[in-house]
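Chemist: Please see the structure below; I have some questions.
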Ligand code: SF4
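Residue numbers (this note's numbering): 7 to 496.
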């Protein structure tokens with residue numbers, strides 16, 4: 007299937023968001039070029055902006071972490087562009103250098119300080135240096151102590167304050183912070199600079215009210231705040247006008263969406279409303295929390311072909327005992343009920359998941375239960391990780407740590423088992439025809455790639471001259487664990 011089995015250096019801990027990065031990760035093995043040129047300019051022009059706009063200053067924005075982080079950066083860039091800043095490609099060319107990072111990755115803070123060290127000399131050139139995102143939230147004003155050349159520290163829950171923080175900096179203030187997490191506001195931007203050529207990401211819910219014992223997200227991103235259905239649908243219309251046909255709705259627990267407007271649109275109703283916007287052909291959403299996954303979501307997918315045939319439903323463990331320790335709020339049987347609900351749909355919905363191995367106290371028997379869950383569900387893809395402790399989490403103080411060696415062994419066993427399942431799943435689709443949104447072109451003549459509605463990577467041959475960004479029918483002729491191969495049906 008399209009999904010990479012092992013980490014591509016992605017963040018972990020917030021499994022809800024980490025897998026999103028994977029959707030942007032390397033998926034091709036035939037030297038494909040993703041041709042993004044021109045698309046961003048297209049959307050910015052549609053929004054009344056260009057790189058050559060009014061000239062207040064220039065900014066360089068570097069991003070690490072999950073897709074939520076990537077999309078946050080698109081919105082942060084929008085805030086700066088709307089204020090007349092111009093985006094540049096190097097720190098040297100910038101008057102403002104921003105570094106947006108995820109704290110999920112182990113040793114993330116060290117990496118941030120190491121990178122900030124490289125910017126140390128820039129202060130003498132009068133540049134403003136800022137740290138955004140989860141590391142900013144986690145390290146707070148401590149960043150000023152360790153890197154006094156930094157002027158701005160702002161966590162994601164405070165991005166709505168960015169315009170006023172920028173004003174303070176522009177007025178000569180040398181130290182500004184946005185570190186509050188106790189908020190009921192969401193980050194709304196007039197403008198978003200979109201970096202993905204074919205898919206528009208839209209956050210619909212920020213923060214998380216769950217309390218998984220291994221996860222820092224509730225600490226770094228604050229409580230759940232849903233954006234209004236009106237604002238979301240306005241954004242969808244805007245990206246559709248800019249030429250996007252595929253949107254992906256984002257949230258740490260996207261299906262916990264609670265419309266703050268009087269109409270109280272349910273998540274499934276929102277999905278249908280998004281699909282109904284003129285020009286939209288594909289709607290994706292991630293990540294769903296099993297506890298809030300309900301029949302009406304499956305009914306919506308069944309009823310509306312523009313809702314993609316894919317649900318990402320993180321399970322984390324197949325053992326009831328470990329699930330309880332993780333505070334995942336469901337049992338294995340309850341999770342399997344949700345799987346049964348999806349499998350009973352009229353459309354063939356692909357299911358993917360996240361799994362953590364080596365959680366404190368995970369026994370061989372617990373791990374065997376996770377393996378048996380793989381056999382039972384037969385996922386189309388998994389994102390699997392070794393547990394690693396994170397600051398400000400309950401699991402940090404748990405005993406019975408599993409050795410790194412044993413964690414690695416379990417991860418390898420898990421991935422081998424899943425690889426067998428994926429190759430069998432994918433081979434069973436040989437001969438079937440799929441609609442593919444073409445997103446990549448190989449250097450090799452006549453070789454293309456794209457995604458099916460179920461989010462499988464399809465590498466295919468076609469003699470057509472220009473397919474990028476279009477939808478084509480492709481018949482699968484072969485399969486690997488991570489992709490399908492096929493031929494364009496003219
Ligand atoms: S549900 Fe919330 S607390 Fe649990 S893993 Fe996802 S983001 Fe973290």
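We put the beta carbon where it would ideally sit given N, CA and C, even for glycine. Remember, it's a predicted structure, so these values are computed and weren't measured experimentally.
Given a threshold of 16 other Cβ atoms within 10 Å of its Cβ, counted over all protein chains shown, does residue 230 qualify as buried or as exposed?
Modeler: The residue is buried, with at least 16 neighbouring Cβ atoms inside 10 Å.
Chemist: Between which two residues does the beta strand (DSSP E) harbouring residue 225 extend?
Modeler: Note, residue 225: premise wrong, no beta strand (DSSP E); alpha helix (DSSP H) at 223-227.
Chemist: Using 10 angstroms around the beta-carbon of residue 428, count the other beta-carbons present and answer buried if the total reaches 16, otherwise exposed.
Modeler: With 16 or more Cβ atoms within 10 Å of its Cβ, residue 428 is classed as buried.
Chemist: What are the boundary residues of the alpha helix (DSSP H) that includes residue 417?
Modeler: Where residue 417 is concerned, the enclosing alpha helix (DSSP H) stretches over 410-433.
Chemist: If you follow the beta strand (DSSP E) that residue 455 is part of, which residue opens it and which one closes it?
Modeler: Per DSSP, residue 455 belongs to the beta strand (DSSP E) from 453-458.
Chemist: DSSP on residue 93, reduced to helix/strand/coil?
Modeler: It is a strand residue.
Chemist: Got a sec: does ligand 1 put a non-hydrogen atom nearer than 8 Å to the Cβ of residue 216?
Modeler: Within the cutoff, so yes.
Chemist: Examine the Cβ distances between the region 347-366 and the region 298-313 and report whether three or more of them are shorter than 8 Å.
Modeler: Cβ pair count under 8 Å is three or more, so yes.
Chemist: In angstroms, rounded to a whole number, what distance separates the CA positions of residue 69 and residue 121?
Modeler: Cα to Cα, residue 69 sits roughly 12 Å from residue 121.
Chemist: Buried or exposed, going by whether 16 or more other CB atoms sit within 10 Å of the CB of residue 241?
Modeler: So residue 241 counts as buried.
Chemist: I need the straight-line Cα distance from residue 457 to residue 450, nearest angstrom please.
Modeler: Straight-line Cα distance between these residues: approximately 19 Å.
Chemist: Quick one: using the 10 Å Cβ neighbour count with 16 as the cut-off for buried, is residue 173 buried or exposed?
Modeler: Flag for residue 173 reads exposed.
Chemist: Please classify residue 401: is it buried, with 16 or more other beta-carbons within 10 angstroms of its beta-carbon, or exposed?
Modeler: Under this definition residue 401 is a buried residue.
Chemist: Roughly how many angstroms separate the alpha carbons of residue 4 and residue 161, rounded to a whole number?
Modeler: In the structure as shown, the chain starts at 7 and stops at 496, and residue 4 therefore has no counterpart that could be examined.
Chemist: When you compare only the Cα positions, how much space is there between residue 472 and residue 189?
Modeler: Their backbone Cα atoms lie some 47 Å apart in a straight line.
Chemist: What are the partner residues of residue 491, as DSSP defines its beta bridges?
Modeler: According to DSSP, residue 491 bridges with 465 and 484.
Chemist: Going by DSSP, what residue range makes up the alpha helix (DSSP H) through residue 326?
Modeler: Residue 326 -> alpha helix (DSSP H) spans 326-332.
Chemist: Short check: CB of residue 223 to CB of residue 252, under 9 Å?
Modeler: No, they are not a contact pair.
Chemist: Name, in chain order, the residues that DSSP records as bridge partners for residue 290.
Modeler: 254, per the DSSP bridge assignment.
Chemist: Does ligand 2 have even one heavy atom less than 8 Å from the beta-carbon of residue 72?
Modeler: Ligand 2 is not among the ligands present in this structure, which contains only ligand 1.
Chemist: Please name the residue in 490, 470 and 440 whose C-alpha comes closest to that of residue 452.
Modeler: The candidate whose alpha carbon is nearest that of residue 452 is 470.
Chemist: Quick check on the DSSP output: the beta strand (DSSP E) that includes residue 68 runs from which residue to which?
Modeler: Element bounds for residue 68: 63-69.
Chemist: Grab the span of the alpha helix (DSSP H) containing residue 148 for me, first residue to last.
Modeler: Start and end: 148-152.
Chemist: Roughly how many angstroms lie between the CA atoms of residue 463 and residue 474, to the nearest whole one?
Modeler: If you take the alpha carbons of residue 463 and residue 474, they lie about 14 Å apart.
Chemist: Look at residue 446 and residue 482 and say whether their C-beta atoms are less than 9 Å apart.
Modeler: Taking 9 Å as the Cβ cut-off, residue 446 and residue 482 do not qualify as a contacting pair.
Chemist: Enumerate in chain order the residues of its own chain whose CB-to-CB distance from residue 295 is below 7 Å, with the five nearest sequence positions on each side excluded.
Modeler: Closer than 7 Å at the Cβ level, and outside the excluded window around residue 295, lie 216, 259, 261 and 262.
Chemist: Go ahead and pull the three-state DSSP assignment for residue 108.
Modeler: Three-state DSSP puts residue 108 in coil, outside helix and strand.
Chemist: With a threshold of 7 Å on Cβ separation, who are the neighbours of residue 337 within its own chain once the five nearest residues in sequence on each side are excluded?
Modeler: For residue 337, where only same-chain residues beyond five positions count, the Cβ hits under 7 Å are 326 and 329.
Chemist: Say the cut is 8 Å; is the CB of residue 4 nearer than that to a heavy atom of ligand 1?
Modeler: The requested residue 4 is not part of the displayed model; the chain covers only 7 to 496.
Chemist: Report back the beta-carbon spacing between residue 164 and residue 145 to the nearest angstrom; my notes put them in contact at under 8 Å.
Modeler: Contact flag wrong, Cβ pair sits at about 14 Å.
Chemist: I'd like to confirm something about residue 334: is its beta-carbon nearer than 8 Å to some heavy atom of ligand 1, or not?
Modeler: Yes, the Cβ of residue 334 comes within 8 Å of a heavy atom of ligand 1.
Chemist: Among the candidates 88, 476 and 434, whose CA atom is the shortest distance from the CA of residue 485?
Modeler: Nearest option by C-alpha distance: 434.
Chemist: In whole angstroms, give me the CA-to-CA distance for residue 332 and residue 88.
Modeler: Taking the straight line joining both Cα atoms gives about 42 Å.
Chemist: CB-CB under 6 Å to residue 454, same chain, minus the five flanking residues each way: which ones, in chain order?
Modeler: Same-chain partners within the cutoff: 444, 447, 466, 468 and 473.
Chemist: So, does the region 149-159 touch the region 85-100, judging by three or more C-beta pairs under 8 Å?
Modeler: They do not touch, by the three-pair rule.
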